[in-house]
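Chemist: Numbering (the working numbering), first residue to last: 20 to 317.
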């Protein structure tokens with residue numbers, strides 16, 4: 020697949036976010052070469068009248084000045100050192116990072132300003148920046164989530180065609196945890212009828228336990244416009260027998276109800292308790308405790 024890289028300076032680095040578990044995000048790149056068939060970003064590409072089909076991921080916007088802009092934003096007197104999620108709309112450790120090193124430069128900025136952040140990625144390249152992560156985690160709250168929805172070879176190859184092997188990601192989890200960094204596993208998205216069999220779920224949870232993951236969570240696939248069309252097209256090619264099931268399951272909705280989601284999440288939680296997933300780091304990097312404010316007796 021031929022990929023075009025477009026260097027376009029940015030005016031802002033931090034993006035306000037609504038309706039999610041964090042208020043700010045940072046994306047050193049826009050677009051992603053992983054070509055995951057289920058990628059939720061395709062929905063936003065469609066809404067912005069950009070290609071969301073197989074052309075998505077063939078043109079990557081690179082923000083060469085993102086770290087410089089970020090430092091200015093972090094230095095503002097109005098900035099309150101809020102948590103920032105890195106990689107909400109792209110993978111910050113996709114192959115372009117090997118050349119541009121923008122994610123690393125941004126991590127250095129967060130470290131220097133003692134600003135909390137989290138990273139979500141499928142890229143084992145993150146171990147290159149272990150030194151920065153270790154330093155940053157001693158100054159502010161830092162966490163990493165590796166997306167490992169499955170370790171089933173067939174499912175991985177067909178749905179995440181340009182990503183690193185799930186076992187490589189788990190080895191990266193192990194490296195980070197051994198260094199004291201809080202690294203967990205996100206099983207997302209789990210695909211109904213394809214990657215949700217009990218033995219498949221158990222395999223991921225057990226592998227996460229062996230890697231030393233500090234925690235694990237799971238989400239089922241959601242299909243908003245843009246993602247829906249692309250995913251169902253590939254589903255018809257890869258698992259045609261599943262197409263009628265999905266058309267019925269997701270008829271008139273993008274998100275599955277709690278009657279479907281809760282049992283799966285409960286099962287993953289049960290498996291995590293059974294195998295003993297917990298924060299078992301021998302070295303737990305953490306920022307120094309805030310000084311206690313003393314009050315004077317009157």
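All C-beta atoms in this analysis are idealised placements derived from N, C-alpha and C, irrespective of residue type, glycine included. These figures come from a predicted structure and were not determined experimentally.
Are residue 140 and residue 46 closer than 7 Å when you measure CB to CB?
Modeler: no
Chemist: Taking the C-alpha atoms as reference points, what is the distance between residue 179 and residue 54?
Modeler: 6 Å
Chemist: Just confirm the distance between the C-beta atoms of residue 146 and residue 165, as a whole number of angstroms; I'd bet it's less than 8 Å.
Modeler: Not confirmed; about 11 Å, so no contact.
Chemist: For residue 202, report the span of its beta strand (DSSP E) as first-last.
Modeler: 201–209
Chemist: My assumption, with CB atoms under 8 Å, is that residue 129 sits in contact with residue 102. Please give the rounded CB distance.
Modeler: Actually they are not in contact, since the Cβ atoms of residue 129 and residue 102 sit about 10 Å apart, beyond 8 Å.
Chemist: So, with DSSP's three-state summary, where would you put residue 165?
Modeler: strand
Chemist: Using DSSP's beta-bridge definition, name the partner residues of residue 49.
Modeler: 80
Chemist: Residue 146 lies in the alpha helix (DSSP H); which residues open and close that run?
Modeler: Per DSSP, residue 146 lies in no alpha helix (DSSP H) and is assigned neither H nor E.
Chemist: Could you have a look at residue 127 and say whether DSSP puts it in helix, strand or coil?
Modeler: helix
Chemist: Which residues does DSSP list as the beta-bridge partners of residue 236?
Modeler: 205
Chemist: Between residue 31 and the rest of its own chain, which residues show a CB-CB distance below 8 Å, the 5 nearest in sequence each way excluded?
Modeler: 88, 92
Chemist: Would residue 245 and residue 65 qualify as a contact pair, given that the criterion is a beta-carbon distance under 7 Å?
Modeler: yes
Chemist: Residue 290 by DSSP, collapsed to three states: which one?
Modeler: Three-state DSSP puts residue 290 in a helix.
Chemist: Measure the C-alpha to C-alpha separation of residue 257 and residue 213 and round it to an integer number of angstroms.
Modeler: 11 Å
Chemist: State the CB to CB distance for the pair residue 26 and residue 81, rounded to an integer number of angstroms; the pair is presumed to be in contact (CB under 8 Å).
Modeler: 5 Å
Chemist: Alpha carbon to alpha carbon, what distance is there between residue 113 and residue 236?
Modeler: 23 Å
Chemist: Helix, strand or coil for residue 183 per DSSP?
Modeler: Under the three-state reduction of DSSP output, residue 183 falls in the coil class, being neither helix nor strand.
Chemist: Within 10 angstroms of its Cβ, does residue 169 collect 16 or more other Cβ (buried), or is it exposed?
Modeler: buried
Chemist: Could you spell out the range, first to last residue, of the alpha helix (DSSP H) harbouring residue 265?
Modeler: In the DSSP assignment, residue 265 falls within the unbroken alpha helix (DSSP H) covering 262–268.
Chemist: Is the beta carbon of residue 157 closer than 7 Å to that of residue 304?
Modeler: yes
Chemist: Could you tell me the distance, in whole angstroms, from the CA atom of residue 134 to the CA atom of residue 265?
Modeler: 42 Å
Chemist: Residue 253 and residue 97 - do their beta-carbons sit closer together than 7 Å?
Modeler: No, the pair does not count as a contact, with Cβ atoms beyond the cut-off.
Chemist: Under 7 Å Cβ to Cβ from residue 294, same chain only, skipping five residues before and after it: list those, please.
Modeler: Counting only Cβ-Cβ distances below 7 Å, and skipping sequence neighbours, we find 224, 225, 228.
Chemist: Which two residues bound the contiguous alpha helix (DSSP H) that contains residue 255?
Modeler: 246–257
Chemist: If contact is defined by three or more beta carbon pairs under 8 Å, each pair taking one atom from either stretch, is the region 33–46 in contact with the region 60–75?
Modeler: no
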